[in-house]
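Asker:
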Amino acid sequence: MTSLPGHGMRVALFATCFNDTMWPETPKAVLTVLERLGVTVEFPLEQTCCGQMFTNTGYARETLPLVERFADVFDDFDAVVAPSGSCVGSVRHQHADVARGCDRPALAERATATAGKVYELSELLVDVLGVTDVGATFPHRVTYHPTCHSLRMLRVADKPLRLLREVRGIDLVDLPEAEECCGFGGTFAMKNADTSVAMGADKAQHVRETQAEILVAGDNSCLAHIGGLLTRQRSGIQVMHLAEVLASTERDFAAENELGTTTAGATGRPTTGEGMA
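Residue numbering for the sequence shown follows my numbering, beginning at 8 and increasing consecutively.
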């Protein structure tokens with residue numbers, strides 16, 4: 008019997024504070040996908056924020072305890088996975104710099120070592136486990152938004168699209184001007200709200216042009232922004248994290264048909280009259 012691609016691998020799930028607070032179904036979906044592939048997944052309860060919000064706004068010293076906590080919590084695993092290109096990018100590209108800037112060379116070394124095994128979901132699946140077909144079924148018309156941090160900082164390239172193309176039943180359509188920023192940018196959306204909303208409106212218009220049922224991305228922060236605009240426009244288009252699509256199976260759709268529900272509507276995301284912008 009051929010072993011599963013993740014057999015013998017011990018991976019820590021870094022849920023991220025945004026997902027843990029707002030979209031808990033996403034880290035649950037990551038768990039479903041990885042366990043299906045034979046990975047042993049653990050969820051360290053001591054995990055906290057990666058500190059990206061503090062670092063990006065210039066509060067490096069306030070970030071330092073979070074950098075140290077991350078290294079303490081995740082040091083003892085084969086790999087760490089997070090459903091957020093933004094947070095993975097912060098861990099990889101900011102943690103060691105924060106430690107060095109605060110004159111903590113030993114912590115910088117630890118942060119560098121830990122960051123080397125932290126992956127965004129599509130990276131772990133494609134680069135580490137070597138799989139693109141994760142056994143998913145999702146019979147919907149879908150378009151994909153490549154988020155800025157995953158595209159430009161992590162350089163995940165087409166890995167999410169390679170995973171989506173292997174999903175059974177999916178109708179995957181190209182998003183016009185896909186690589187344009189949606190305008191969220193964390194605190195940028197609050198400090199420059201008008202610009203953020205204008206950029207998001209352009210992105211929402213391109214999504215509507217695809218006539219997709221569902222917009223998929225690898226960062227729920229961007230989906231919250233775009234999804235809020237799509238909802239306010241009463242577009243009928245829903246948003247889902249990549250992990251939730253990959254976790255879906257034929258059994259899910261059989262159950263939905265019996266209950267008269269939809270996968271997208273069952274994720275806890277806004278469907279009508281709700282949203283953020």
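Quick reminder that beta carbons are idealized off the backbone N, C-alpha and C, glycines included.
1. On the three-state DSSP scale, how would you describe M29?
2. My parser needs the alpha helix (DSSP H) runs of 4 or more residues fully inside the segment 110-174; what are they?
3. In this structure, how does DSSP classify I177 when only helix, strand and coil are distinguished?
4. Round the Cβ separation of T321 and Q101 to the nearest angstrom and send it over; I've been treating them as touching at under 8 Å.
5. Determine the burial state of A224: buried for a count of at least 16 other Cβ atoms within 10 Å of its Cβ, exposed for fewer.
6. Is it right to say S157 is buried, meaning 16 or more other beta carbons lie within 10 angstroms of its own, or is it exposed?
7. Alpha carbon to alpha carbon, how far is C188 from F77? Give it in angstroms, no decimals.
8. Roughly how many whole angstroms lie between the Cα atoms of A118 and R159?
9. Which complete beta strand (DSSP E) runs does the segment 215-254 hold, if anything under 3 residues is left out?
10. Helix, strand or coil: which one does DSSP assign to G272?
11. Which residues in the same chain have their Cβ closer than 8 Å to the Cβ of K166, if we skip the five residues on either side of it in sequence?
12. Bridge partners of V87, per DSSP?
13. When you compare each of R107, T47, P112 and R111 to V87 by their alpha carbons, which one comes out closest?
14. Between which two residues does the alpha helix (DSSP H) carrying V46 extend?
15. State whether the segment 51-60 contacts the segment 12-24, with contact taken as three or more CB pairs (one from each stretch) at a distance under 8 Å.
16. Which word fits A120, buried or exposed, when buried means at least 16 other C-beta atoms lie within 10 angstroms of its C-beta?
17. Looking only at its own chain, which residues have a Cβ that is under 8 Å from the Cβ of E216, when we skip the five neighbours before and after it?
18. So, at 8 Å on beta carbons, what are the nonlocal neighbours of E186 in its own chain, with the 5 sequence-adjacent residues on each side left out?
19. By how many angstroms is the C-alpha of E116 removed from the C-alpha of A351?
20. Buried or exposed, going by whether 16 or more other CB atoms sit within 10 Å of the CB of M197?
Answerer: By the coordinates alone:
1. If you number the sequence shown from 1, residue 29 lands on position 22. It is helical.
2. 112-122 and 166-172
3. As a working note, residue 177 is residue 170 in the sequence shown. If DSSP states are grouped into helix, strand and coil, I177 belongs with coil.
4. Not covered by the structure: residue 321. The range shown for the chain is 8 to 284.
5. In the sequence shown, residue 224 corresponds to position 217, counting from 1. Looking at its Cβ environment, which holds 16 or more other Cβ atoms inside 10 Å, A224 is buried.
6. Residue mapping note: residue 157 aligns to position 150 of the sequence shown, counting from 1. Flag for S157 reads buried.
7. Start at 1 with the first residue of the sequence shown, and residue 77 comes out as number 70. Start at 1 with the first residue of the sequence shown, and residue 188 comes out as number 181. Going by the C-alpha atoms only, they are around 28 Å apart.
8. Translated into the one-based positions of the sequence shown, residue 118 becomes position 111. Translated into the one-based positions of the sequence shown, residue 159 becomes position 152. In a straight line, the C-alpha of A118 is about 21 Å away from that of R159.
9. 221-224 and 245-248
10. Along the sequence shown, read from residue 1 onward, the residue named residue 272 stands at position 265. Unreliable positioning characterises G272 in this predicted model, as indicated by a pLDDT of 41, which lies under 50. The coordinate reading is nonetheless provided below. Helix at G272.
11. For this step, residue 166 is matched to residue 159 along the sequence shown. Excluding residues within five positions, the ones whose Cβ falls inside 8 Å are S129, E130, L132, V133 and D134.
12. By 1-based counting over the sequence shown, the position of residue 87 is 80. Per DSSP, A19 and V125.
13. On the sequence shown, position 80 is the one that residue 87 refers to. With distances taken between Cα atoms, V87 lies closest to T47.
14. Here residue 46 is taken as the residue at index 39 of the sequence shown, counted from 1. No alpha helix (DSSP H) contains V46, which DSSP labels as neither H nor E.
15. yes
16. Translated into positions along the sequence shown, residue 120 becomes position 113. With fewer than 16 other Cβ atoms within 10 Å, it is exposed.
17. Within the sequence shown, the letter at position 209 stands for residue 216. Contacts found: P183.
18. Sequence index remark: in the sequence shown, residue 186 carries index 179 (1-based). These residues qualify, in order along the chain: P153 and L158.
19. No answer is possible for residue 351: it lies beyond the span of the chain, which begins at 8 and ends at 284.
20. Here residue 197 corresponds to residue number 190 of the sequence shown, with the count starting at 1. The residue in question, M197, is exposed, as its Cβ has fewer than 16 Cβ neighbours within 10 Å.
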